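**Student:** Sharing a structure, written as structure tokens. Questions coming.
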Amino acid sequence: MATIKPFFCIRPAQGKAADIAALPYDVFNRAEAKRETADKPLSFLRIDRAETQFEEDVDPYAPCVYRKAHDLLWEMVERGDFVTEEQECYYIYELTMEGRVQDGLVACAAVDDYLDGTIKRHENTREEKEQDRIRHVDCCGAQTGPIFLAYRSAREVNARIRQAKQGEALYDFTSGDGIRHRVFRIGEPEEIRAIREAFAGMEALYIADGHHRAASAVKVGQLRRQQHPGYTGEEEFNYFLAVLFCDEQLKIMDYNRVVKDLNGCSPVNFLTKVRERFEVSPVEGTDPHPREKGEFTMFLEEQWYRCRIRKEDRSKDPVAGLDVSILQEKLLGPVLGITDPRVDGRIDFVGGIRGLSELERRVREDCAAAFAMYPTSIQELFAVADAGRLMPPKSTWFEPKLRSGLFLHKI
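Residues in the sequence shown are numbered from 130 upward in steps of one, following the working numbering.
Next up, the structure:
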């Protein structure tokens, strides 16, 4: 059973949500974050990436940076930019992108559910990235970036969410990227009880996005348990901030690959090697996107090629059968020598939100070839997680991205 509880939310004061809400900290590099916060004094990115408040020669992982994040956060709370809810509530976070609506339940998930596998993951995490967020959460004394969880459609939860959206929205704004954001509160005891019981009947939840934030939040919770050996399990540090979405509403975009060189091959020789492994033909028409699972497209020497995975190379194994796995095992590893894409600097990953024109730009400027993937499905993600397996890195790209700063959980 999954424990999903309401919480005392710290959230933007009326009229300030649009100015505070920010894209997740990890979609920006340092220079981009600096530019993004330059003329936005309320942007939550200033807290998520507090190195933006220092000169370039300051280490972004220095203790003073995390202390600055703490000070900025609680100064905003004290100043009245944020308000603290007087009762434990759930919230509905509705995002609308290009006419497609998805409704997330904002709540707190249990550290123990993560530890015992009730909350399932599908990606590995990297220690250095975990340590950054561990220090950030621990120093701030709050979880500031929600973990994106998915659940299999549940009629009771869906009905309660629809009902909650009949009321007046706490926030309703459209961000600069065209995404509409609306937030509704669920505070009635009967509604809270029904939702909590519905999740208690679920066997599993799934991390869709935010593996590093989840691992970091859990490790801070474990640290606090060590510091409070008499803990009861009810303390806020036993829970972490999450937004839970029904699988039927989610859309996964492609997560594409670009490679810096051809491992000593000429373009002609490389294309020959690709043809030895896949069914290859020039793309006809103007749309080079892959059309279905089992197909990817390649941009090489100003030409797009459609590459189909051969029948004998397909697999029913939840990991080996992924298109990204087959590309890695048949081409990136044996031909290009990229055996560990998690750490190899010769490969880069480009989220589908940037479009295939970004792949063309990269090949023209600093790469040798690009591979456009057909999106991994949410059911493939569930299958991998249910099998206790892990996907190759950068297998899924979810849009729209959840904003940070709309919901904070004090621990």
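C-beta atoms are modelled at their ideal positions from N, C-alpha and C, and glycine is treated no differently. Note that the structure is predicted; figures quoted are calculated from it, not measured.
Tyr300 and Arg311 look like a contact to me (Cβ under 8 Å); what is the Cβ gap, rounded to whole Å?
**Tutor:** The count along the sequence shown starts at 1 and reaches residue 300 at position 171. The count along the sequence shown starts at 1 and reaches residue 311 at position 182. Indeed, because the Cβ distance is near 7 Å, the residues count as touching under 8 Å.
**Student:** Here's a check: name, in chain order, each residue in its chain whose Cβ is nearer than 7 Å to the Cβ of Ser444, leaving out the five neighbours to either side.
**Tutor:** The sequence position of residue 444 within the sequence shown is 315, counting from 1. Result list for Ser444: Gly450, in chain order.
**Student:** So what does Asn385 bridge to, in DSSP terms?
**Tutor:** Residue mapping note: residue 385 aligns to position 256 of the sequence shown, counting from 1. DSSP output for Asn385 lists Val479 as bridge partner(s).
**Student:** What's the gap between the Cα of Ser506 and the Cα of Val349?
**Tutor:** Looking up residue 506 in the sequence shown gives position 377. Looking up residue 349 in the sequence shown gives position 220. If you take the alpha carbons of Ser506 and Val349, they lie about 32 Å apart.
**Student:** Can you tell which of Asp177, Ala160, Phe173, Ala198 has its C-alpha closest to the C-alpha of Asp186?
**Tutor:** For the purposes of this step, residue 186 is identified with residue 57 of the sequence shown, where counting begins at 1. When each option's Cα is compared against that of Asp186, the closest is Ala160.
**Student:** Anyone know if the C-beta pair for Cys404 and Leu460 falls short of 8 Å?
**Tutor:** The residue you call residue 404 lines up with position 275 of the sequence shown. The residue you call residue 460 lines up with position 331 of the sequence shown. With the sequence shown as reference, residue 404 is identified as Arg, and Cys is not the correct amino acid for it. No. Outside cutoff.
**Student:** Alpha carbon to alpha carbon, what distance is there between Val397 and Ile276?
**Tutor:** Against the sequence shown, residue 276 aligns to sequence position 147. Against the sequence shown, residue 397 aligns to sequence position 268. Those two C-alpha atoms are separated by around 45 Å.
**Student:** Could you work out which residue in Phe211, Val240, Cys375 is closest to Ala288 when comparing CA atoms only?
**Tutor:** As a first step, residue 288 must be located in the sequence shown, where it is residue number 159. The residue with the shortest Cα to Cα distance from Ala288 is Cys375.
**Student:** Any idea if Glu496 is buried or exposed, counting beta-carbon neighbours within 10 angstroms, 16 or more meaning buried?
**Tutor:** As a first step, residue 496 must be located in the sequence shown, where it is residue number 367. The amino acid at residue 496 is misidentified as Glu; the sequence shows Cys. It counts as buried.
**Student:** Within 10 Å of its beta-carbon, does Cys128 have 16 or more other beta-carbons around it, so buried, or fewer, so exposed?
**Tutor:** Since the first residue of the chain shown is 130 and the last is 540, residue 128 is not available in this structure.
**Student:** Quick one: is His357 buried, meaning 16 or more other Cβ sit within 10 Å of its Cβ, or exposed?
**Tutor:** In the sequence shown, residue 357 corresponds to position 228, counting from 1. Exposed, because fewer than 16 other Cβ atoms sit within 10 Å of the Cβ of His357.
**Student:** Under a Cβ-count criterion, where at least 16 other Cβ atoms within 10 Å of its own Cβ denotes burial, should Leu244 be classed as buried or exposed?
**Tutor:** Residue 244 sits at position 115 when you count from the first residue of the sequence shown. It is exposed - the Cβ of Leu244 has fewer than 16 other Cβ atoms within 10 Å.
**Student:** So Ser454 is in the alpha helix (DSSP H); what residue range does that whole segment cover?
**Tutor:** As a first step, residue 454 must be located in the sequence shown, where it is residue number 325. First-last of the alpha helix (DSSP H) with Ser454: 452-456.
**Student:** Could you compute how far the alpha carbon of Leu379 sits from the alpha carbon of Leu171?
**Tutor:** For the purposes of this step, residue 379 is taken as residue 250 along the sequence shown, with counting starting at 1. For the purposes of this step, residue 171 is taken as residue 42 along the sequence shown, with counting starting at 1. The alpha-carbon atoms of Leu379 and Leu171 are separated by roughly 30 Å.
**Student:** In this structure, does DSSP put Asp232 in helix, strand or coil?
**Tutor:** Locating residue 232 in the sequence shown gives position 103, where the first residue counts as 1. Three-state result, Asp232: strand.
**Student:** How do the segment 165-180 and the segment 145-157 stand: do at least 3 beta-carbon pairs fall below 8 Å, yes or no?
**Tutor:** Yes, they touch.
**Student:** Kindly indicate the opening and closing residues of the alpha helix (DSSP H) around Leu400.
**Tutor:** Stepping through the sequence shown from its first residue, residue 400 is reached at position 271. Its alpha helix (DSSP H) spans residues 396-406.
**Student:** Assuming contact is defined by CB atoms lying nearer than 8 Å, are Asp210 and Ala142 in contact in what I supplied?
**Tutor:** As a first step, residue 210 must be located in the sequence shown, where it is residue number 81. As a first step, residue 142 must be located in the sequence shown, where it is residue number 13. Closer than 8 Å, so yes.
**Student:** To the nearest angstrom, how far is it from the Cα of Asn392 to the Cα of Ile467?
**Tutor:** Against the sequence shown, residue 392 aligns to sequence position 263. Against the sequence shown, residue 467 aligns to sequence position 338. Distance between the alpha carbons of Asn392 and Ile467 is about 9 Å.
**Student:** Does the Cβ of Arg140 have 16 or more other Cβ atoms within 10 Å, making it buried, or fewer, making it exposed?
**Tutor:** Within the sequence shown, numbered from 1, the residue matching residue 140 stands at position 11. Buried.
**Student:** Residues in the same chain with beta-carbon distance under 7 Å from Leu456, minus the five sequence neighbours each way, listed in chain order, please.
**Tutor:** Taking the first residue of the sequence shown as 1, we reach residue 456 at position 327. Cβ within range, chain order: Phe425, Phe500.
**Student:** Could you check what DSSP says for Ile315 in three-state terms: helix, strand or coil?
**Tutor:** Within the sequence shown, numbered from 1, the residue matching residue 315 stands at position 186. Looking at Ile315 - three-state DSSP - the assignment turns out to be strand.
**Student:** Can you check whether the CB of Ser533 is closer than 8 Å to the CB of Thr273?
**Tutor:** Locating residue 273 in the sequence shown gives position 144, where the first residue counts as 1. Locating residue 533 in the sequence shown gives position 404, where the first residue counts as 1. Result yes, Cβ atoms of Thr273 and Ser533 sit closer than 8 Å.
**Student:** Can you list, in chain order, the residues of its chain whose CB lies under 6 Å from that of Lys249, leaving out five sequence neighbours each side?
**Tutor:** Taking the first residue of the sequence shown as 1, we reach residue 249 at position 120. Excluding sequence neighbours, Lys249 sits near Ala333, Tyr335, Ala514.
**Student:** Residue range of the alpha helix (DSSP H) that Met205 falls in?
**Tutor:** In the sequence shown, the residue the question calls residue 205 occupies position 76. Looking at the DSSP string, the run of the alpha helix (DSSP H) that includes Met205 is 192-208.
**Student:** For Gln508, which of helix, strand or coil comes out of DSSP?
**Tutor:** Sequence index remark: in the sequence shown, residue 508 carries index 379 (1-based). DSSP places Gln508 in helix when its eight states are reduced to three.
**Student:** Identify the continuous alpha helix (DSSP H) that holds Asp390 and give its terminal residues.
**Tutor:** In the sequence shown, the residue the question calls residue 390 occupies position 261. Neither: Asp390 is in no alpha helix (DSSP H) and is coded neither H nor E.
**Student:** For Arg532, name the three-state secondary structure that DSSP assigns.
**Tutor:** Position 403 of the sequence shown, counting from 1, holds the residue named residue 532. Three-state result, Arg532: coil.
**Student:** Could you spell out where the alpha helix (DSSP H) holding Glu161 opens and where it closes?
**Tutor:** By one-based count along the sequence shown, residue 161 stands at place 32. Taken as a continuous stretch (DSSP letters only), the alpha helix (DSSP H) holding Glu161 covers 159-166.
**Student:** Return the first residue and the last residue of the alpha helix (DSSP H) that Ala343 is part of.
**Tutor:** For the purposes of this step, residue 343 is taken as the residue at position 214 of the sequence shown. First-last of the alpha helix (DSSP H) with Ala343: 340-356.
**Student:** Considering Cα atoms alone, identify which of Ala371, Gln351, Val372, Leu370 is closest to Gly362.
**Tutor:** As a first step, residue 362 is located in the sequence shown; it is residue number 233 there, counting from the start. Minimum Cα distance to Gly362 is reached at Gln351.
**Student:** Determine which residues share a DSSP beta bridge with Val240 and list them.
**Tutor:** Looking up residue 240 in the sequence shown gives position 111. In the DSSP output, where bridge partners are listed per residue, Val240 has none listed.
**Student:** Please state if the CB of Phe366 and the CB of Ile133 are separated by a distance shorter than 8 Å.
**Tutor:** Start at 1 with the first residue of the sequence shown, and residue 133 comes out as number 4. Start at 1 with the first residue of the sequence shown, and residue 366 comes out as number 237. It is not a contact, given that the beta carbons lie outside the stated cut-off.
**Student:** Quick one, are the C-beta atoms of Ala238 and Tyr154 less than 8 Å apart?
**Tutor:** On the sequence shown, residue 238 is found 109 positions in, with the first residue counted as 1. On the sequence shown, residue 154 is found 25 positions in, with the first residue counted as 1. Not closer than 8 Å, so no.
**Student:** Under 8 Å between the Cβ atoms of Ala279 and Leu535?
**Tutor:** Looking up residue 279 in the sequence shown gives position 150. Looking up residue 535 in the sequence shown gives position 406. Taking 8 Å as the Cβ cut-off, Ala279 and Leu535 do not qualify as a contacting pair.
**Student:** Please report the distance separating the alpha-carbon of Glu180 from that of Arg264.
**Tutor:** On the sequence shown, position 51 is the one that residue 180 refers to. On the sequence shown, position 135 is the one that residue 264 refers to. Each residue's Cα considered, the two are about 13 Å apart.
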